[in-house]
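Trainee: Mapped onto the working numbering, the consecutive letters of the sequence shown carry residue numbers 4 to 184. The beta carbon of each residue, even a glycine, is placed where N, CA and C say it ideally should be. Predicted model, so just to flag it, every value in this text is computed and none were measured.
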Amino acid sequence: MSDTTRLPTEEDLEQLSLRGIVAFAARCAKRVQPRFRLAKSISGFAEHQQALSTAVSMAEQFCQLPDINALTAAAGADTAAYDAADAKIEIASSAAACAAAACEAANTAEDAAPAFDATCAANYAASACGEHADVFTEAACNDFERLLEADHGIWPDLGDPIDTSEKGPLGPLWPDGPPGW
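Shown next as structure tokens:
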């Protein structure tokens, strides 16, 4: 990775369609979702872990189906982030906050700034990666470039449906393999 590689900014992400922005945020969240397991000692861990899975899934579904109301899922992920933060488990809190931000980006009726939420998701995810932030940044930048190349439209357009899975056009979450965490 070059020294100039950086996460896309809010202005960068506004070059994508709404679905593209949410796809970017959802994949950021998916990458760091396993980091939440560091919070397994907190009260209600299983429920929090389920809330994160739901938030990421809702964001991914939004990329295929426009009528997803992800507000409740975002609230559940927010609660998980706060509880992990209260337990002083910063990496897990960042992973949960990333899932919440991805889900909030899908809430177009409630949120006029999905690119801001996606930028927050990427930054939370990089924080959750700790010493592997550079590997995360490369993978996120790869997604951004592929989304730009796919030309699904430009914000505020909804854009075409996007398959966010690893079998879709964005490819593997970790192009060079996952970090060794």
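Jot down the residue ranges of each uninterrupted alpha helix (DSSP H) in the stretch 68-148, minimum 4 residues, whole runs only, in chain order.
Mentor: 74-89, 93-108 and 117-132
Trainee: In the DSSP assignment, the alpha helix (DSSP H) including residue 33 goes from what residue to what residue?
Mentor: As a working note, residue 33 is residue 30 in the sequence shown. Per DSSP, residue 33 belongs to the alpha helix (DSSP H) from 21-35.
Trainee: What residue range is occupied by the uninterrupted alpha helix (DSSP H) comprising residue 57?
Mentor: Taking the sequence shown and counting its residues from 1, one reaches residue 57 at position 54. It spans 48-65 - the alpha helix (DSSP H) in which residue 57 sits, taken as one unbroken run.
Trainee: Please work out which residues of its chain come closer than 6 Å, Cβ to Cβ, to residue 92, disregarding the five sequence neighbours upstream and downstream, and give them in chain order.
Mentor: The residue given as residue 92 occupies position 89 in the sequence shown. Excluding residues within five positions, the ones whose Cβ falls inside 6 Å are 41 and 42.
Trainee: Could you tell me if the beta carbon of residue 37 falls within a distance shorter than 7 Å of some heavy atom in the ligand FAD?
Mentor: Annotation note on the ligand FAD: not contained in the displayed structure, which lists no ligands.
Trainee: Would you mind working out which of 53, 165, 47 and 98 sits nearest residue 133, comparing C-alpha positions?
Mentor: Stepping through the sequence shown from its first residue, residue 133 is reached at position 130. The shortest C-alpha separation from residue 133 is found at 98.
Trainee: Between which two residues does the alpha helix (DSSP H) containing residue 16 stretch?
Mentor: Looking up residue 16 in the sequence shown gives position 13. Element bounds for residue 16: 13-16.
Trainee: Counting C-beta neighbours from all protein chains within 10 Å, is the total for residue 170 16 or more, i.e. buried, or is it exposed?
Mentor: Numbered from 1 along the sequence shown, position 167 holds the residue referred to as residue 170. Exposed is the call here.
Trainee: Please go through the same chain and pick out, in chain order, the residues whose beta-carbon is closer than 7 Å to the beta-carbon of residue 80, but skip the five residues on each side of it.
Mentor: In the sequence shown, residue 80 corresponds to position 77, counting from 1. Result list for residue 80: 54, 55, 58, 99, 102, 103 and 106, in chain order.
Trainee: Distance check for residue 45 and residue 64, CA to CA, integer angstroms please.
Mentor: The residue labelled residue 64 in the question sits at position 61 within the sequence shown. The residue labelled residue 45 in the question sits at position 42 within the sequence shown. Whole-angstrom Cα-Cα distance: 29 Å.
Trainee: For residue 117, is the classification buried or exposed, using 16 other Cβ atoms within 10 angstroms of its Cβ as the cut-off for buried?
Mentor: The residue labelled residue 117 in the question sits at position 114 within the sequence shown. Classification for residue 117: buried.
Trainee: What do you reckon, are the CB atoms on residue 32 and residue 128 nearer than 8 Å?
Mentor: Taking the first residue of the sequence shown as position 1, residue 32 is located at position 29. Taking the first residue of the sequence shown as position 1, residue 128 is located at position 125. A contact, by the Cβ cut-off of 8 Å.
Trainee: Please report how far the alpha carbon of residue 112 lies from the alpha carbon of residue 30, in whole angstroms.
Mentor: Taking the first residue of the sequence shown as position 1, residue 112 is located at position 109. Taking the first residue of the sequence shown as position 1, residue 30 is located at position 27. Caution is warranted here: a pLDDT of 47 is assigned to residue 112, below 50, making its placement in the model unreliable, and the coordinate value is therefore given only provisionally. About 22 Å.
Trainee: Assuming contact is defined by CB atoms lying nearer than 8 Å, are residue 21 and residue 176 in contact in what I supplied?
Mentor: Residue 21 sits at position 18 when you count from the first residue of the sequence shown. Residue 176 sits at position 173 when you count from the first residue of the sequence shown. Against a cut-off of 8 Å, the Cβ pair of residue 176 and residue 21 comes out as no contact.
Trainee: Hey, how far is the Cα of residue 138 from the Cα of residue 37?
Mentor: Position 135 of the sequence shown, counted from the first residue, corresponds to residue 138. Position 34 of the sequence shown, counted from the first residue, corresponds to residue 37. Distance between the alpha carbons of residue 138 and residue 37: 15 Å.
Trainee: Going by other Cβ atoms of all chains shown within 10 Å of its Cβ, with 16 needed for buried, is residue 163 buried or exposed?
Mentor: Reading the sequence shown from its first residue, position 160 is the one you call residue 163. Residue 163 comes out exposed.
Trainee: Starting from the C-beta of residue 178, find all residues in its chain whose C-beta is less than 8 Å away, skip the five residues before and the five after it, and write them out in chain order.
Mentor: On the sequence shown, position 175 is the one that residue 178 refers to. Correct list, in chain order: 141, 142 and 145.
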